[in-house]
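To start, the structure under review is shown below, and the notes come after it.
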Amino acid sequence: MELTDLVEIESLKQLKARYCRLLDGKDWEAWRLLFTDDFVSDTSKAGGKSIRGADDFVAFTRANLKKPSQVTAHQVHSPELELTSPTTARGIWALEDVVRLAPGITLRGYGHYHETYEKVDGQWRIKTSTLTRLREDVFNAFLTVYVSATMKKVGAGLARRLAK
Numbered sequence: 002m003e004l005t006d007l008v009e010i011e012s013l014k015q016l017k018a019r020y021c022r023l024l025d026g027k028d029w030e031a032w033r034l035l036f037t038d039d040f041v042s043d044t045s046k047a048g049g050k051s052i053r054g055a056d057d058f059v060a061f062t063r064a065n066l067k068k069p070s071q072v073t074a075h076q077v078h079s080p081e082l083e084l085t086s087p088t089t090a091r092g093i094w095a096l097e098d099v100v101r102l103a104p105g106i107t108l109r110g111y112g113h114y115h116e117t118y119e120k121v122d123g124q125w126r127i128k129t130s131t132l133t134r135l136r137e138d139v140f141n142a143f144l145t146v147y148v149s150a151t152m153k154k155v156g157a158g159l160a161r162r163l164a165k
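Residue numbers (the numbering used here): 2 to 165.
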């Protein structure tokens, strides 16, 4: 591996760090700049859906986290990053996230982001992101519940109705 490759890999790490910070800080305009215009998000394996287009993805995320009580904390680590060309790369990141769904109800999830990246105008951008989940726990001050696949489907439908 060349020194320039290590510099590019570090740039990808910084990109993902900004992703987490800007998402959790709800800086939607700055967060949008991290994606290619044709970005694709796929959370279907984690009970979500697939969204094409960075603008649509940011609008969807913003709408679903619009309440001040919906605090999030995304922690990514242990990146497996590979440069596939001078302007493309792919990576897998371990993820733990905490999302306050409503006062007193919090989700803690564990899984992975599987991503591709593209260098646009000299800057790395996220081109695709697929979220996979290993486990989800819903908890409050008194109780923690493991969320099975069946519970996840029911909960996703309920959450969509409540978010409207």
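For each residue, glycine too, the CB sits at the ideal point set by N, CA and C. These figures come from a predicted structure and were not determined experimentally.
Please classify residue i: does DSSP put it in a helix, a strand, or coil?
i: K46; result: helix
i: L159; result: helix
i: K68; result: coil
i: D138; result: strand
i: D56; result: helix
i: T129; result: strand
i: T151; result: helix
Looking at the unbroken alpha helix (DSSP H) that takes in residue i, where does it start and where does it end?
i: K17; result: L4 to D25
So, at 7 Å on beta carbons, what are the nonlocal neighbours of residue i in its own chain, with the 5 sequence-adjacent residues on each side left out?
i: E119; result: T37, T88, T89, R126 and K128
May I ask which residues mark the beginning and end of the beta strand (DSSP E) holding residue i?
i: P80; result: T73 to S86
Could you name the residues of the same chain whose beta carbon sits closer than 6 Å to that of residue i, not counting the 5 residues immediately before and after it, in chain order?
i: A31; result: L23
i: V41; result: R53 and T129
Excluding sequence positions up to five away, which residues of its chain have a Cβ less than 8 Å from the Cβ of residue i?
i: R63; result: K27 and W29
Taking the Cβ atom as the reference point for each residue, do residue i and residue j lie within a distance shorter than 8 Å?
i: D39; j: S51; result: no
i: E137; j: L108; result: yes
>> Below 8 Å, how does it come out for the stretch 42-50 and the stretch 75-82: are there three or more Cβ pairs, yes or no?
In response: no
> Taking one C-beta from the stretch 13-24 and one from the stretch 49-61 each time, how about it: are there three or more such pairs within less than 8 Å?
Replying inline: Judged by Cβ distances under 8 Å, the stretch 13-24 makes no contact with the stretch 49-61, as fewer than three pairs qualify.
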